[in-house]
Amino acid sequence: QVQLVESGGGLVQAGASLTLSCAASGRTYTLGWFRQAPGKEREFVAALRWIGNIQFYANSVKDRFTISGDNARNTVWLQMNSLKSEDTAVYYCGAKVLSTGRYDYWGQGTQVTVSS
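Numbers given in our numbering equal positions in the sequence shown, counted from 1, plus 1081.
Printed below as a string of structure tokens:
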């Protein structure tokens, strides 16, 4: 069983930066960030695979967001720069475990609001 706790959301102006953190309990294979804007489906943002420290990004954020992590602390951070109004969403941390290879565990979500 994996539990995830996110923090770091808030209200910022366009062009500002924000860092989200996700702390996981239990063994994880990959930690990722997803977001869901009102009226839209949840979409992938970024992920970090612990083995090989491999990062994955959605095209819409890869030049502005950076995911990093501390495997020993089972924690990842999402550094978001040059935020745009379209980045406004609830951001969710998800965890993959080796046994399934799927995002089976989710945090409660943290709101990010970017005002233009």
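Positions of the beta carbon are idealized from the N, C-alpha and C atoms, including for glycine.
Rounding to the nearest angstrom, what Cα-Cα distance links residue i and residue j in this structure?
{"i": "residue 1082", "j": "residue 1092", "result": "32 Å"}
{"i": "residue 1188", "j": "residue 1181", "result": "18 Å"}
{"i": "residue 1191", "j": "residue 1122", "result": "16 Å"}
{"i": "residue 1111", "j": "residue 1176", "result": "6 Å"}
{"i": "residue 1184", "j": "residue 1116", "result": "14 Å"}
Give a yes or no on whether the C-beta atoms belonging to residue i and residue j are separated by under 8 Å.
{"i": "residue 1104", "j": "residue 1124", "result": "no"}
{"i": "residue 1148", "j": "residue 1114", "result": "yes"}
{"i": "residue 1085", "j": "residue 1172", "result": "no"}
Label residue i either buried or exposed according to how many other C-beta atoms from any shown protein chain fall within 10 Å of its C-beta, with 16 as the threshold for buried.
{"i": "residue 1150", "result": "buried"}
{"i": "residue 1168", "result": "buried"}
Where do the N-terminal and C-terminal ends of the beta strand (DSSP E) with residue i fall, by residue?
{"i": "residue 1087", "result": "1084-1088"}
{"i": "residue 1172", "result": "1170-1177"}
Just list the residues that DSSP pairs residue i with in beta bridges.
{"i": "residue 1124", "result": "1116"}
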